[in-house]
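**Student:**
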Amino acid sequence: MNALKTNIQNLAMLSAVIAFSSCETHKKVEIKEDGTEVVKIREPHQDTIDKVAEPAMKTESVEGTVSEINFGKDGYTAKIETASKENYFVTVSHSNLKDHSQYKEVKKGDKIHVVGDYWKNNEGENQITVRELH
15 MNALKTNIQN LAMLSAVIAF SSCETHKKVE IKEDGTEVVK IREPHQDTID
65 KVAEPAMKTE SVEGTVSEIN FGKDGYTAKI ETASKENYFV TVSHSNLKDH
115 SQYKEVKKGD KIHVVGDYWK NNEGENQITV RELH
């Protein structure tokens, strides 16, 4: 009876070891026409998960008049209106500017020219993370 219990424990331990080790190695087995097996093992640094590629950020250059301004912790978001009556929300902060010396505060009515990463928020509003402020 004792031997049976030991054998069952050993079998359970062996099963656990096999299960855990099979999770770590990802093998791809190919059998050639001559009957030989070719085993390729995925290295841990190889990513096998399908990922959706992020689209490259579009750069936009916009000039307009400040119609609103909301200050934040390290900068502000200004709503600017272009000559063609388009509105853009431009976020200006020290950390996002390529040249930190370009940082300046603006006020309502100021004309500014910005260059930065363009995107639309969930409401479809034009947004620019400013990289250059002129």
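Position in the sequence shown (first residue = 1) + 14 = our numbering. Ideal placement from N, C-alpha and C gives every residue a C-beta, glycine not left out.
Just the C-alpha distance for Thr91 and Glu137, rounded to the nearest angstrom, thanks.
**Tutor:** Numbered from 1 along the sequence shown, position 77 holds the residue referred to as residue 91. Numbered from 1 along the sequence shown, position 123 holds the residue referred to as residue 137. Computed Cα separation, rounded: 16 Å.
**Student:** Measuring CB atoms only, is the segment 120–129 touching the segment 72–87, in the sense that at least three cross pairs come out at less than 8 Å?
**Tutor:** As far as the Cβ criterion goes, the segment 120–129 touches the segment 72–87, which means the pair count is three or higher.
**Student:** Give me the residue from Asn110, Lys87, Trp133 and Tyr117 with the minimum Cα distance to Met71.
**Tutor:** Residue mapping note: residue 71 aligns to position 57 of the sequence shown, counting from 1. Ranking Asn110, Lys87, Trp133 and Tyr117 by Cα distance to Met71 puts Trp133 first.
**Student:** When you compare the CB of Glu119 with every CB in chain C, is at least one pair closer than 9 Å?
**Tutor:** Given the protein chain composition of this structure (a single chain), no chain C is represented.
**Student:** By alpha-carbon positions, which one of Thr20, Asp48 and Gly130 ends up nearest to His148?
**Tutor:** Within the sequence shown, the letter at position 134 stands for residue 148. Minimum Cα distance to His148 is reached at Gly130.
**Student:** When the Cα atoms are used, what is the spatial distance from Asp48 to Lys54?
**Tutor:** The residue given as residue 48 occupies position 34 in the sequence shown. The residue given as residue 54 occupies position 40 in the sequence shown. Roughly 18 Å between the two C-alpha positions.
**Student:** By the 10 Å Cβ neighbour count, where 16 or more other Cβ atoms means buried, how is Val128 classified, buried or exposed?
**Tutor:** Residue 128 sits at position 114 when you count from the first residue of the sequence shown. Buried: at least 16 other Cβ atoms inside 10 Å.
**Student:** If distances are taken between C-alpha atoms only, which option among Glu51, Arg145 and Gln23 comes closest to Lys118?
**Tutor:** In the sequence shown, the residue the question calls residue 118 occupies position 104. Of the listed residues, the one whose Cα sits closest to Lys118 is Arg145.
**Student:** Assign Ile142 to one of two classes, buried (16 or more other C-beta atoms within 10 Å of its C-beta) or exposed (fewer than that).
**Tutor:** What you label residue 142 is simply residue 128 of the sequence shown in a count that begins at 1. By the neighbour-count rule (16 or more Cβ atoms within 10 Å), Ile142 is buried.
**Student:** Nearest by alpha-carbon distance to Tyr102: which of Thr50, His108 and Glu139 is it?
**Tutor:** Within the sequence shown, the letter at position 88 stands for residue 102. Cα-wise, what sits closest to Tyr102 is Glu139.
**Student:** Taking 8 Å as the limit between beta carbons, can you name the residues of its chain near Leu111, skipping five residues before and five after?
**Tutor:** Start at 1 with the first residue of the sequence shown, and residue 111 comes out as number 97. So the list reads Tyr117, Val144, Arg145, Glu146 and Leu147, once near-sequence residues are dropped.
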